[in-house]
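Let me begin by presenting the structure, written as structure tokens, before commenting on it.
In the working numbering, the protein residues as written are 2 to 404.
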């Protein structure tokens, strides 16, 4: 049996350095992965240029000599998903960049901006001899800027950016005004901290803990706790490739497996339901197969394809705050989780917020917590609206220490 995976990307990027357009770049990327399965083994061949399929499969067949075991049946099914809303031409992208740069420079001449605006188009497909024919297409316009006040001695003071499938300059200008217009006003770090931030960086530890193999081997903090209530009643965590902000994320794993509704819960109302497992991991440890196969282009599938999302609360960020203020970290890093689940994160730049707008800039401080507290007693929820980041915000109570 034979199977092919295709990844195509078309990128156009306007580069900006110190408030000036300095370059326009185009990059096309084509990746092809061929696999031949025979007698419980797989041969793989990867190339970065289009070749005749027969030649690609011939080279994959030659690599059967490496005896890489894979005994599982190939998948079937046909589905096409195109999330593209609007595609900007190169001239339209350049015009957008010039307009945005002029607008921001006129509004905030006291700041130096560097970054880019880009259009990214991707198409991912997986086909095989059993009739599998899956394709996922997407297109986004992405903007990202570091900013530095002209009086600052730092390399940069902060960063903001957003992606949109149908890019609206007004959203970028509103974000710019929120970040730059409130930078000069200052406040002290409040005694009680409710942190409002994108949750993606907070889920790194859970990604490792939910690995089905780690759970089975007893090396996960969640080992032996399937069926147990470990987090807040309001905390539900899913693999969700239907999510609107899952940019360029395919709906199928690298074994061609799709999930009903493109979702699967791992933690529901605080209860740990399962870990994630590809076919090999599920069979090896006698656990549930969750369609979680990742695969490099020249290898066999392995466990690791999960797009984690916390279920939204149904209430806006401001409603979740209920009259309180939040702290929004903007520039942070150099910390994270340790093997015990303890969390430490130095924050260089943060703002005080009412849940919709920034109010004042805060001094540097460090966030401190633990995974079980963050998503347990200190978890507040994920807002139903998209203030600040033009994306989802999670609200969590965290301790702080002022630097």
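The C-beta atom is built at its ideal place from N, Cα and C for all residues, glycine as well.
From a predicted model like this one, the values you see are computed outputs, not experimental measurements.
Which whole-angstrom value describes the C-beta separation of residue 405 and residue 262, a residue pair presumed to lie in contact below a C-beta threshold of 8 Å? As shown, the chain starts at 2 and ends at 404. That puts residue 405 outside it, with no answer to give.
Below 8 Å between beta carbons: does that hold for residue 157 and residue 181? no
Please report the residue range of the alpha helix (DSSP H) in which residue 318 lies. Counting along the chain, residue 318 sits inside the alpha helix (DSSP H) bounded by residues 318-322.
Go ahead and pull the three-state DSSP assignment for residue 104. helix
CB contact flag (residue 159, residue 326, <8 Å): No; because the gap between Cβ atoms is not below 8 Å, this pair is not in contact.
Among 395, 361, 84, 379, the one whose alpha carbon lies nearest that of residue 186: Check the Cα spacing between residue 186 and each of 395, 361, 84, 379: the tightest is with 361.
Just verifying my parser: in three-state terms, what is the DSSP assignment at residue 63? helix
Which residue comes first and which comes last in the alpha helix (DSSP H) that contains residue 373? 372-375
Candidates 354, 317, 58, 222, of which the one nearest residue 340 by Cα: 222
Local conformation of residue 92 per DSSP, three classes: Residue 92 falls in the helix class under three-state DSSP.
Would you say the region 188-203 touches the region 140-154, given that touching needs at least three Cβ pairs under 8 Å? No, the region 188-203 is not in contact with the region 140-154.
Specify the secondary structure class of residue 203 as computed by DSSP and reduced to three states. helix
Might you give, ordered along the chain, the residues of its own chain that have their beta carbon closer than 7 Å to the beta carbon of residue 265, omitting 5 neighbours on each side? 239, 240, 291, listed in sequence order.
Among 277, 178, 257, 242, nearest to residue 213 - alpha-carbon criterion: 277
Report buried or exposed for residue 256, applying the criterion of at least 16 other Cβ atoms within 10 angstroms of its Cβ. buried
Is residue 74 helix, strand or coil by DSSP? coil
Per DSSP, what are the beta-bridge partners of residue 347 in this structure? 367
Tell me residue 136's beta-bridge partners as DSSP assigns them. 81, 126
Residue 22: which of 115, 58, 56, 105 sits nearest, CA to CA? 115
Going by Cα to Cα distance, which pick from 81, 121, 119, 397 is closest to residue 321? 397
According to DSSP, what are the bridge partners of residue 244? Residue 244 is not bridged to any residue.
In the DSSP output, which residue or residues are listed as bridge partners for residue 42? In DSSP, residue 42 forms a bridge with 39, 70.
Along the alpha helix (DSSP H) that carries residue 217, what are the first and last residues, could you check? Per DSSP, residue 217 belongs to the alpha helix (DSSP H) from 213-218.
Cutting at 6 Å between CB atoms, please list the residues of its own chain near residue 383, excluding the five before and the five after it. 311, 313, 314, 393, 395
Looking at the structure shown, is residue 210 part of a helix, part of a strand, or coil, going by DSSP? helix
Neighbourhood of residue 385 by C-beta distance below 7 Å, restricted to the same chain and skipping five residues each side: Only 313, 314, 315, 316, 317 meet the Cβ criterion.
Can you look up residue 97 in the DSSP assignment and give me helix, strand or coil? helix
Using DSSP with H/G/I as helix, E/B as strand and the rest coil, what is residue 261? helix
CA-CA distance, residue 225 and residue 215? 11 Å
Assuming contact is defined by CB atoms lying nearer than 8 Å, are residue 373 and residue 329 in contact in what I supplied? no
Taking only runs that begin and end inside the region 375-401, name each unbroken beta strand (DSSP E) of 3 or more residues, in chain order. 380-383, 395-398
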